[in-house]
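Here the structure comes first, spelled out in structure tokens, and everything after it is commentary.
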Amino acid sequence: MKNKLILWLSVVLLIVLIVFMAKDLFKTGNVSQENVYEYDLNSLRHVDESKISHKESKQIKIDAGEIHAIAVDQDDNIYVGTDKNVLVLNSEGKQINSLKLRQAASCITVMENGNILVGMSNRIDIRKPNGSLRNSFVVKGDRTYITSIAVQDTNVFIADAGQKIIHHYSIDGIKIKEIGEENQAEGIKGFVIPSPYFDLLIGRQGELWAVNPGRHAFEAYNFKGEQISSWNRTSMSVEGFSGCCNPSNIAILSDGSFVTAEKGLERVKIHLPSGDFKSVVAAPDLFEPGTVGIDLAVDSEDRILVLDPAKRLIRIFEAK
Amino acid sequence: MKKDRREFINTCFRFAAGASIVGVAGVLASKSAKGDFFWQLDPTKCTQCGRCATSCVVTPSAVKCIHVYDMCGYCDLCGGYFRPNVKNLSTGAENMLCPTGAIKRTYVEDPYFKYEIIDELCIGCGKCVKGCGAFGNGSLQLQISHDLCVNCNECAIARDCPSDAFKRVPLEEAYQFAGFKTNKKI
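Residue numbers (my numbering), protein chains in the order written: chain G, 64 to 383; chain W, 5 to 190.
Below, the structure written as structure tokens:
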């Protein structure tokens, strides 16, 4: 009887020992430990509700592997550049056309006459409104990477993030000049572009606006290449732009205010023509952390179309 | 010639023993040919949880922030250098994100600034790595400094790492950095 008791006790002790050994071997220690060096981005991601001027009214899901660019034409049709084609949607989001591309689209612009300009790496394809190819040209340079196109009449302005310059071409692909090269005598500091985000647009007076993302600046040029205006706002708070290269994308409202999209702290805001912060369109909590390449377009009713590449959505925001 | 059962079993045992010896010798020879193995932190898995600073048996930690200059934007407002909501872009201690002041900021030319890590002060907390990744190009990255690492058999940080970012690799692969198609050696 005594021997049997000792035997059972030994078995229990052995089991307890095995359990402890197994726990030590297989359980990762202290996983829920608090990070005493936490870098808390939540305070920056939070936006006061009173600063938000728009509400999301619609989402359009895009069926594509990757989506890179968005544009809107005179009739509010939506053009989405993907890795394989340009999808043309009506203003309700129904697909009405698909134009196959030779390379992934990096940017799109639609002219007043309906011609579609698609930037792809170092090439521009100009398509007629029916989708057929009008002409195509390559922007020369070993480091050329086209990130934006702006068009005024027959003038085509091409943002080249690789060479950190704006190329001025005619619609037929003839190079006219370069704009924005550093020129201290003229007060042009040159573009600082640490990552491939370099956007352009045509302002209300027909001037060319370019983002200088490394300086968190907007610069306006006339077609002679002279800088006629600029403003910059560097700040980690909502009033400015932070990080290496923001704003990453821009658009313009009918009153001349700028719509800006940022990476790092993903948010869409409106800045007055003077550069002062006006309001927030989409706060960071609407985007997945790490989303980059949030492209923008504005339609005839000043609705802001936001391309969300992470969720593969067009998100439409209207004023509250 | 006819074998009896006992002799057959003996022969089988002899073959099995011989094969085992050859196998073990082969494995040992192959390991020996590959050289020693060292701990490596995979920056693509790292979540900057702060445990590299607190779990390492070496004080301060053998994990250091390493600046991959090829990727740096040389920004004025550096997310890895300045704390959030900084008002003044100066080198004042109140503006710095690093808890030990281990990053040196130097003006290069308008608008570029160079950021250098002072190894002796860096504790490997990863705060700057998170800031750089959130706002910049992610050029600040954590990695094990092998002149400081004592190469424990069971790395205390690897044991505590919640993202399983530590593994043993040959020395020539030890310094891995994110953002390059192949491992960068420095």
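We put the CB at the ideal spot given by N, CA and C, even for glycine.
**Asked** Name the DSSP beta bridge partners of Leu349(G), please?
**Response** Along the first sequence, one-based indexing puts residue 349(G) at 286. Its beta-bridge partners do not exist; DSSP assigns none.
**Asp74(W) (DSSP reduced to helix, strand or coil)** = Here the question's residue 74(W) lines up with position 70 in the second sequence. Annotated three-state conformation of Asp74(W) is helix, per DSSP.
**Message:** Just checking: is the beta-carbon of Ala57(W) within a distance shorter than 8 Å of some beta-carbon in chain G?
**Reply:** On the second sequence, residue 57(W) is found 53 positions in, with the first residue counted as 1. Chain G, which has a Cβ nearer than 8 Å to the Cβ of Ala57(W), makes this yes.
**Message:** Beta carbons nearer than 7 Å to chain W: which residues of the segment 281-310 of chain G have them?
**Reply:** Result list: Thr297, Met299, Ser300, Ser305, Gly306, Cys307, Cys308.
**Asked** Thr186(W) to Lys7(W), Cα distance in whole Å?
**Response** One-based indexing of the second sequence puts residue 186(W) at position 182. One-based indexing of the second sequence puts residue 7(W) at position 3. At Thr186(W) the pLDDT is 45, less than 50, meaning the model places this residue with poor confidence and gives no usable figure here.
**Request:** Would you identify the three-state DSSP class for Glu302(G), choosing helix, strand or coil?
**Result:** Walking along the first sequence from the start, residue 302(G) turns up at place 239. DSSP places Glu302(G) in coil when its eight states are reduced to three.
**Item:** Within 8 Å, strictly: CB atoms of Val149(G) and Ile133(G)
**Value:** By 1-based counting over the first sequence, the position of residue 149(G) is 86. By 1-based counting over the first sequence, the position of residue 133(G) is 70. Taking C-beta atoms as the reference points, Val149(G) and Ile133(G) fail to come closer than 8 Å.
**Message:** Give me the subset of the segment 92-113 of chain G whose CB atoms are less than 8 Å from a CB atom of chain W, sorted by chain position.
**Reply:** For the segment 92-113 of chain G, which is checked against every Cβ of chain W, the residues closer than 8 Å are Gly92, Asn93, Val94, Gln96, Asn98, Val99, Tyr100, Glu101, Tyr102, Asp103, Leu104, Ser106, Leu107.
**Request:** Compare the C-beta of Pro192(G) against all C-beta atoms of chain W and say whether one is closer than 8 Å.
**Result:** Position 129 of the first sequence, counted from the start, is the residue given in the question as residue 192(G). No - not a single Cβ of chain W is within 8 Å of the one on Pro192(G).
**Item:** Boundaries (first-last residue) of the beta strand (DSSP E) holding Met183(G)
**Value:** Within the first sequence, numbered from 1, the residue matching residue 183(G) stands at position 120. Segment 179-183, the beta strand (DSSP E) holding Met183(G).
**Ser211(G): first and last residue of the uninterrupted beta strand (DSSP E) it sits in** = Here residue 211(G) refers to the residue found at position 148 of the first sequence. Element bounds for Ser211(G): 209-215.
**Request:** Please confirm if Lys131(W) has its CB atom under 8 Å from at least one CB of chain G.
**Result:** On the second sequence, position 127 is the one that residue 131(W) refers to. Interface residue (Cβ-Cβ distance to chain G less than 8 Å): Lys131(W) is classified as such.
**Message:** Quick check on the burial criterion: 16 or more other C-beta atoms within 10 angstroms. Buried or exposed for Ala85(G)?
**Reply:** Here residue 85(G) refers to the residue found at position 22 when the first sequence is read from its first residue. Label assigned to Ala85(G): exposed.
**Message:** I'd like to know if Pro372(G) contacts chain W, where contact means its C-beta is closer than 8 Å to some C-beta of that chain.
**Reply:** Your numbering for residue 372(G) matches position 309 in the first sequence. Residue-level contact by beta carbon fails for Pro372(G) and chain W, as no gap is shorter than 8 Å.
**Prompt:** Nearest CA to the CA of Asn157(W): which residue from Ile70(W), Trp43(W), Ile107(W), Phe139(W)?
**Reply:** On the second sequence, residue 157(W) is found 153 positions in, with the first residue counted as 1. Across the set Ile70(W), Trp43(W), Ile107(W), Phe139(W), the C-alpha of Trp43(W) shows the shortest separation from the C-alpha of Asn157(W).
**Message:** Are the CB atoms of Val369(G) and Lys332(G) within a distance shorter than 8 Å?
**Reply:** Here the question's residue 332(G) lines up with position 269 in the first sequence. Here the question's residue 369(G) lines up with position 306 in the first sequence. In terms of Cβ geometry, Lys332(G) and Val369(G) do not form a close pair [threshold 8 Å].
**Asked** Between which two residues does the beta strand (DSSP E) harbouring Ile115(G) extend?
**Response** As a working note, residue 115(G) is residue 52 in the first sequence. No residue range can be given for Ile115(G), since it is assigned to no beta strand (DSSP E) and is classified by DSSP as neither H nor E.
**Prompt:** Since Val214(G) contacts Thr172(G) with CB under 8 Å, what's their CB separation in whole angstroms?
**Reply:** Translated into the one-based positions of the first sequence, residue 214(G) becomes position 151. Translated into the one-based positions of the first sequence, residue 172(G) becomes position 109. Cβ-Cβ separation between Val214(G) and Thr172(G): approximately 6 Å, consistent with a contact (criterion under 8 Å).
**Request:** Would you check if the segment 85-101 of chain W and the segment 161-172 of chain W touch, i.e. whether three or more CB-CB distances between them fall below 8 Å?
**Result:** No, the segment 161-172 of chain W is not in contact with the segment 85-101 of chain W.
**Asked** Does the beta carbon of Phe181(W) sit closer than 8 Å to a beta carbon anywhere in chain G?
**Response** Residue numbering aside, residue 181(W) sits at position 177 when the second sequence is read from its first letter. Not flagged as an interface residue toward chain G: Phe181(W), since no C-beta distance is shorter than 8 Å.
**Message:** Please state whether the Cβ-Cβ distance between Gln145(W) and Ile70(W) is less than 8 Å.
**Reply:** Here residue 145(W) corresponds to residue number 141 of the second sequence, with the count starting at 1. Here residue 70(W) corresponds to residue number 66 of the second sequence, with the count starting at 1. Yes, the Cβ-Cβ distance between Gln145(W) and Ile70(W) is below 8 Å.
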